[in-house]
Each structure stands twice: as structure tokens, then as C-alpha cells.
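Residue numbers (the working numbering), protein chains in the order written: chain A, 20 to 264; chain B, 20 to 264.
There are 2 protein chains.
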Amino acid sequence: MLVGETAKRSCSTVATALLFDVFGTLVDWRGGVIEALRTFAARTGISADWAAFADDWRAAYGPSMDRVRRGEVGWQNLDALHAASLAELLERYGAGDAGGEERARLVKAWHALRPWPDVVGGLERLRRRFIVASLSNGNIALQIDLRRHAELPLDMLFSAELFGHYKPDPQTYLGACALLDLRPERVMLVAAHTGDLLAAQACGLQTAFIARPLEHGVGGAVDTGSAAVDLHADGIDALAQRLGA
Amino acid sequence: MLVGETAKRSCSTVATALLFDVFGTLVDWRGGVIEALRTFAARTGISADWAAFADDWRAAYGPSMDRVRRGEVGWQNLDALHAASLAELLERYGAGDAGGEERARLVKAWHALRPWPDVVGGLERLRRRFIVASLSNGNIALQIDLRRHAELPLDMLFSAELFGHYKPDPQTYLGACALLDLRPERVMLVAAHTGDLLAAQACGLQTAFIARPLEHGVGGAVDTGSAAVDLHADGIDALAQRLGA
């Protein structure tokens, strides 16, 4: 039942727990961040291409985590990385005068994002049959706010912060499996990002790709998945259907 | 509003998050464990005083954690501690023949306990106004099962396992506050056990005592709280009332 038409390896083991990537997979970070930037613009009278700003902010995320992952800087959680990249971007976009309270409010925009329309219902269905948890690079305080704001019915929040490692480091996938007290083959990572999925697969987890063609907006980059991933679905509700939940 | 008649210190700060002890405070461990032992007895034909067995099992918990806390043994999660003390008790109660599957089932009884009647409704009320999370010595896999079984509406599960320290070590209270990104004075520990509350208070947390006179059964030991604790309530629903939620 776990094996779809696109599966390239056999999944004879039914998963016990599903781990969900959050930004992009469960919530629309881009829409929410652009909205917060426009509210900031209305308050401060600063004008800029806020969609480009949001994209640049998200683009800074990988390199800033990589500096932590390579040990060039000590552990910093995602709020701290967002605050640092925001400071650079405000300068670059001619908004370097923005005060501390405005900056804090913008960093908090990542705590209050909307779920994609298929998410809450899909998770409710899956939760009847599987343990459902997040596995996100977002810090715990951020994920708690997001869970409350988006009403995500998750049994547990797993964060890079608990392991002192960011995805795609193996410590994150294997750390979550250890806390679940499950062998990796009993756990499935669900994500809209092929890199995340292949890293989890290398740790022995099952994998499901969720198509989110609008994650980066109309005309933006699209991740179309990989034949190596066990399962592809168009949303969380479609995944529930595929998994018989 | 946070200061009740029994409060001995002033709580000028309103808490942002409430951390709940689990065994005894939210769930009736004794009733559930006795029930599982009686089912085990019916299956195996072994007879014993199962209420006394449950009490002895719970009594083994403190000393077994203390061995971990003093560093006499390496980290072991609560499932492992329960399994070890169960083995000793089965021997002592003349049930040393019990097989591995029966033992595993009994250890799992701690994953499927019933909440006290005031808990689910009380947490729902509190959750509208506060972040609500557990802070338990139970390992994450155990707490996930418990959360699902008892339908506890908690925003996050914090466990001793995340900090490599058992309560009442300060690392647990301060570790949860750090992950919440809140100063200890913005966090309130809610528990039915005075020792837990005083340890949290020493770390700067606010404290609320919940009376659970039947935690140890009819005629059992009763914790009646301490004048040093900020707030006393007869249940989680009564706590919600007191906190204006």
C-alpha cells in the first residue's frame, strides 16, 4: 500500500510514524513573509520589491545554516539566523533604519504562517493511523507558535535545535527516530524538497515527496521530486489517501 | 490574577507558558497500571496483590532515577528504568517466569494511562490563553503514546530525555524555558508534587500545586502542597478558572 507507481524500491515495512518538513511542505512561508513585509512597509513608509526581499531572505537560509553545519560559527537557532540575514537585507534594500521592534516583528512572521489548504485535514486523517510529528530546522519556540497559529494536529515537534544539527545532517533524522524509539525503516519523512528526502533515505527512512509547485511563487523554481523517492503525492490529503488513512 | 489566597510571594508577571508534570498530575498512573497487571494476571494465571505491586513499581522510580542523576549509571530512559524495576518485582512477587512479550506489554502500560476527569477540558481552556506543554520524566516515545491515548491537547512535549537529566535537576526546568525562549519567571510549573514545584521555584519558575489526593489510592500517601508554592488548585479546570482562562 505504501508503494506508488513511482516507487523505485520496495517498502515492505509499513511506517509507524511520519515526520513532516514544515516550511514549504506544511506552511506557505513565502505568502506569509511577503504579507508581513508589506505590513512593515505600510507602517514605515519604506517601499521595495517585497516578494524579491522574501525570496532573498529564504535564500540566505541555506548558506547561514551551512556556516553552523561546517562549525564556522557556534550553534544558532533559526530565529537568530533569520535576524542576522534580515539585518543584511534591510541594509541592502535601503531600509537599514528599521528599529529593533520592527525587526523582531519581522522575524516573528516566520512563527505565524498559513498552512496549505490540504494540510490540516490531511494530518487529521493521517493521525488516526500514524504518529505524526514535525522534523524542521525551525526552533522549538517558533514551531510551537506555528503549531498554534496554523492549528497543526501534530503529536510532537522535532527540531534541529534538539540535536544541535541542521537538516540534512544525519543526526536530525536519526535523532528523531531514536526519540520515537523506532528503527529508521519504520519512519517516513514527508517533504517538498528532494535534498531533504534523499538525506533521510540515506539514513534508512522511507520517503514521500509532496508537490508544492507554488512554494517559490508563480514563475519561481519548482522541485519536481526524484524517482529515488518512495512515494509522490500532490498534498497531505492525497498522501493520506495513498497510505490508506 | 495569578496570586491566590495561599500565595506567599508576589507574581507580578503573568506567565506565558505552563509546563505540566504528567504522572499523577495529568494522568492516573496507579489505576492504569493496576488494570494492566490484572489483565496480565488473567492471562497468565499468576495471583498477587497487584495494587501493592503497582505501588512498589512506582516506588522504585525515584531510586532508579537517582542512580542516573548521581551518574552511577549512564543515561537510561524511563522505559528502560521501568523494565529493570519490573524484572526485580516480578521475581519478588513470584512471577519471574513471565516472558519477554508480557514484560514489554506491562512496560507499555505506562504509555496508555487515563487522564483525571478535569484534565482534557482544563487544558483546552488554558490553551486558549497560554502555551501548554508537558515537562515529564517520561521519555518522548512514551509521552507521544500517552498524548494520543489520553487526547491531551498539549502544544509540546518536553522530556527529561531531551536534557539528559531527570527532574528535579535544574537542567530540566531551565532547559524547557530555554527551548520556549522564555525567562523562567514567564513560565509556570504545574504539578501534584511539592518537591518538583520547589525545585522549579528555585530555578525562578512560577508554581501551581494541583491536589490529587487519590494519586496513591484510598488510604495512600497524600501530598498537600506547600505554602511556598504560588497557587493551589483542585484540578486543571480549577486552575484555568484561577488563571482567568
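We put the CB at the ideal spot given by N, CA and C, even for glycine.
Using a C-beta cutoff of 7 Å, does ASP68 (chain A) count as contacting chain B? Here residue 68 (chain A) refers to the residue found at position 49 of the first sequence. With 7 Å as the cut-off, ASP68 (chain A) does not count as an interface residue toward chain B.
Extent of the continuous alpha helix (DSSP H) run through GLN190 (chain A): The sequence position of residue 190 (chain A) within the first sequence is 171, counting from 1. Element bounds for GLN190 (chain A): 189-199.
I'd like to know whether the C-beta atoms of ALA198 (chain A) and ILE229 (chain B) end up nearer to each other than 7 Å. Position 179 of the first sequence, counted from the first residue, corresponds to residue 198 (chain A). Position 210 of the second sequence, counted from the first residue, corresponds to residue 229 (chain B). With the sequence shown as reference, residue 198 (chain A) is identified as Leu, and Ala is not the correct amino acid for it. Cβ atoms of LEU198 (chain A) and ILE229 (chain B): not closer than 7 Å.
If you measure from the beta carbon of ALA195 (chain A) to each beta carbon in chain B, is any gap under 7 Å? Reading the first sequence from its first residue, position 176 is the one you call residue 195 (chain A). ALA195 (chain A) does not count as touching chain B.
Does ARG166 (chain B) have its Cβ less than 7 Å from a Cβ in chain A? Reading the second sequence from its first residue, position 147 is the one you call residue 166 (chain B). Cβ-Cβ to chain A under 7 Å: yes for ARG166 (chain B).
Let me check understanding here. Comparing Cα to Cα, which of B:ASP200, B:GLN220, B:ALA264 and B:GLY254 lies closest to ALA246 (chain B)? Locating residue 246 (chain B) in the second sequence gives position 227, counting from the first residue. It is B:GLN220.
Which residues in chain B have a C-beta closer than 9 Å to the C-beta of MET175 (chain A)? List them in chain order. The count along the first sequence starts at 1 and reaches residue 175 (chain A) at position 156. The contacting residues are ILE159, GLN162, ILE163, ARG166, MET175 and LEU176.
Who pairs with THR226 (chain B) in a beta bridge, going by DSSP? Indexing the second sequence from 1 puts residue 226 (chain B) at position 207. Paired residue(s): B:LEU208.
Outcome for VAL46 (chain B) when other beta-carbon atoms lying within 10 angstroms are tallied against a minimum of 16: The sequence position of residue 46 (chain B) within the second sequence is 27, counting from 1. Its Cβ being crowded by 16 or more others within 10 Å, VAL46 (chain B) is buried.
Strictly by DSSP, which residues pair up with LEU165 (chain A)? Here residue 165 (chain A) is taken as the residue at index 146 of the first sequence, counted from 1. Its beta-bridge partners do not exist; DSSP assigns none.
What would DSSP say about PHE42 (chain B), mapped onto helix, strand or coil? What you label residue 42 (chain B) is simply residue 23 of the second sequence in a count that begins at 1. Strand at PHE42 (chain B).
What residues in its chain sit with their C-beta under 8 Å from that of HIS212 (chain B), if we drop five residues either side in the sequence? Residue numbering aside, residue 212 (chain B) sits at position 193 when the second sequence is read from its first letter. Excluding sequence neighbours, HIS212 (chain B) sits near ASP40, GLY43, THR44 and ASP242.
Consult DSSP for ILE53 (chain A) and reduce its assignment to one of helix, strand or coil. Taking the first sequence and counting its residues from 1, the one referred to as residue 53 (chain A) is at position 34. Note: ILE53 (chain A) maps to helix in three-state DSSP.
Looking only at its own chain, which residues have a Cβ that is under 7 Å from the Cβ of LEU161 (chain B), when we skip the five neighbours before and after it? Your numbering for residue 161 (chain B) matches position 142 in the second sequence. Excluding sequence neighbours, LEU161 (chain B) sits near LEU97, ASP98, TRP129 and HIS130.
Per the contact definition of three or more C-beta pairs closer than 8 Å, is the region 78-98 of chain B in contact with the region 173-188 of chain B? yes
Alpha carbon to alpha carbon, how far is LEU216 (chain A) from ASP249 (chain A)? The sequence position of residue 216 (chain A) within the first sequence is 197, counting from 1. The sequence position of residue 249 (chain A) within the first sequence is 230, counting from 1. Cα to Cα, LEU216 (chain A) sits roughly 10 Å from ASP249 (chain A).
In the DSSP assignment, what are the bridge partners of VAL126 (chain B)? The residue given as residue 126 (chain B) occupies position 107 in the second sequence. Its beta-bridge partners do not exist; DSSP assigns none.
For PRO199 (chain A) and chain B, any beta-carbon pair shorter than 7 Å? In the first sequence, the residue the question calls residue 199 (chain A) occupies position 180. As written in the sequence, residue 199 (chain A) is Leu, which differs from the Pro given in the question. Yes, LEU199 (chain A) counts as interfacial toward chain B.
Is it buried or exposed, THR32 (chain A), if we count other Cβ atoms within 10 angstroms and call 16 or more buried? Taking the first residue of the first sequence as 1, we reach residue 32 (chain A) at position 13. It is exposed - the Cβ of THR32 (chain A) has fewer than 16 other Cβ atoms within 10 Å.
Can you check whether the CB of ILE163 (chain B) is closer than 7 Å to the CB of MET175 (chain A)? As a first step, residue 175 (chain A) is located in the first sequence; it is residue number 156 there, counting from the start. As a first step, residue 163 (chain B) is located in the second sequence; it is residue number 144 there, counting from the start. Taking 7 Å as the Cβ cut-off, MET175 (chain A) and ILE163 (chain B) qualify as a contacting pair.
With respect to 6 Å, is the separation between the Cβ of PRO136 (chain A) and the closest non-hydrogen atom of the ligand NAD below this value? You won't find the ligand NAD in this model; it holds no ligand whatsoever.
Sequence-distant residues of the same chain with beta carbon closer than 7 Å to GLY115 (chain B), five excluded per side: Locating residue 115 (chain B) in the second sequence gives position 96, counting from the first residue. Around GLY115 (chain B): LEU109.
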